[in-house]
Each structure stands twice: as C-alpha cells, then as structure tokens.
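S.K.:
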Amino acid sequence: MGSVGVTLGVATAAVVSVPLFLYARPSGFFYVTVSISAFLVLWSFMAAMAGMFLFFPSALQLLLAAWADPRERPTAAKVMVGAGLLLSVAVVVYSLRT
Numbered sequence: 049m050g051s052v053g054v055t056l057g058v059a060t061a062a063v064v065s066v067p068l069f070l071y072a073r074p075s076g077f078f079y080v081t082v083s084i085s086a087f088l089v090l091w092s093f094m095a096a097m098a099g100m101f102l103f104f105p106s107a108l109q110l111l112l113a114a115w116a117d118p119r120e121r122p123t124a125a126k127v128m129v130g131a132g133l134l135l136s137v138a139v140v141v142y143s144l145r146t
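Per the working numbering, residue 49 is the first one in the sequence shown, and the count goes up by one each step.
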C-alpha cells in the first residue's frame, strides 16, 4: 500500500472532516453531509483495493447525522442518534473480533 494508500487515506479523512466546520450553518451541514456520504459510498467501493472500504461506516454515520437535527425533526433525531450509536458499537466490536 505504501505512501499512496496513506495519502489517499489522509485525503479522504480530510473530506470527511468538512462538515465539522459547518456547525453554524445547519442547512449547509445537511447538504454537505449528504453529498460527502454519497461520495464516500462510491469511493469506498471504487478504492477498496487501497483500503478505502474502511470509510464506508463513516458514510453511514454522515447520513445519520444529516437527519439528526433535533430542532427540525425531534423524533427522527432520537432514532438517528440511536442508530448511530448502534453502528459505532457494531464497528468497534467487529474490528476487535478480527
């Protein structure tokens, strides 16, 4: 894998971190997270040989975060938070098993 894989991983992580800077713009956060999630799903499958499949759970987490705004959808936000926690636990348990 070498330096190319590390470079791809760092670049992908940088793209995933973009929504963190949009905390003051909820409408922008929604559209950016959905767009990045779509990109990550495609990217995780296209670059699976370089190890980018590890970013697939991040795409799912971003989609859950897009709909977890308690001001607009209070009930859906609770469901999304619960699903996100379950996904996080599942990823950790799976990674510890292998």
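Cβ atoms here follow ideal geometry from the backbone N, Cα and C, with glycine treated the same way. Computed from a prediction, not measured in an experiment: that's the story for all the values here.
In angstroms, rounded to a whole number, what distance separates the CA positions of V82 and V137?
M.R.: Taking the sequence shown and counting its residues from 1, one reaches residue 82 at position 34. Taking the sequence shown and counting its residues from 1, one reaches residue 137 at position 89. Straight-line Cα distance between these residues: approximately 22 Å.
S.K.: Does the beta-carbon of T123 have 16 or more other beta-carbons within 10 angstroms, so that it is buried, or is it exposed?
M.R.: Here residue 123 refers to the residue found at position 75 when the sequence shown is read from its first residue. The residue is exposed, with fewer than 16 neighbouring Cβ atoms inside 10 Å.
S.K.: So what does DSSP say about R73, is it helix, strand or coil?
M.R.: Translated into positions along the sequence shown, residue 73 becomes position 25. Of the three classes helix, strand and coil, the one that applies to R73 here is coil, per DSSP.
S.K.: Is V80 near V63, with beta carbons less than 8 Å apart?
M.R.: Position 32 of the sequence shown, counted from the start, is the residue given in the question as residue 80. Position 15 of the sequence shown, counted from the start, is the residue given in the question as residue 63. Their beta carbons are not under 8 Å apart, which means V80 does not touch V63 by this criterion.
S.K.: Whose C-alpha, out of P105, R73 and F78, is nearest the C-alpha of L90?
M.R.: In the sequence shown, residue 90 corresponds to position 42, counting from 1. Nearest option by C-alpha distance: P105.
S.K.: Is the beta carbon of F103 less than 8 Å from the beta carbon of L88?
M.R.: Taking the first residue of the sequence shown as position 1, residue 103 is located at position 55. Taking the first residue of the sequence shown as position 1, residue 88 is located at position 40. In contact: F103 and L88 (Cβ atoms closer than 8 Å).
S.K.: How many Å lie between A113 and S51 at the Cα?
M.R.: Looking up residue 113 in the sequence shown gives position 65. Looking up residue 51 in the sequence shown gives position 3. The straight-line gap from Cα to Cα measures roughly 31 Å.
S.K.: If you drop the 5 nearest sequence neighbours on each side, which residues of the same chain put their C-beta closer than 8 Å to that of L135?
M.R.: Translated into the one-based positions of the sequence shown, residue 135 becomes position 87. Correct list, in chain order: P105, L108, Q109 and L112.
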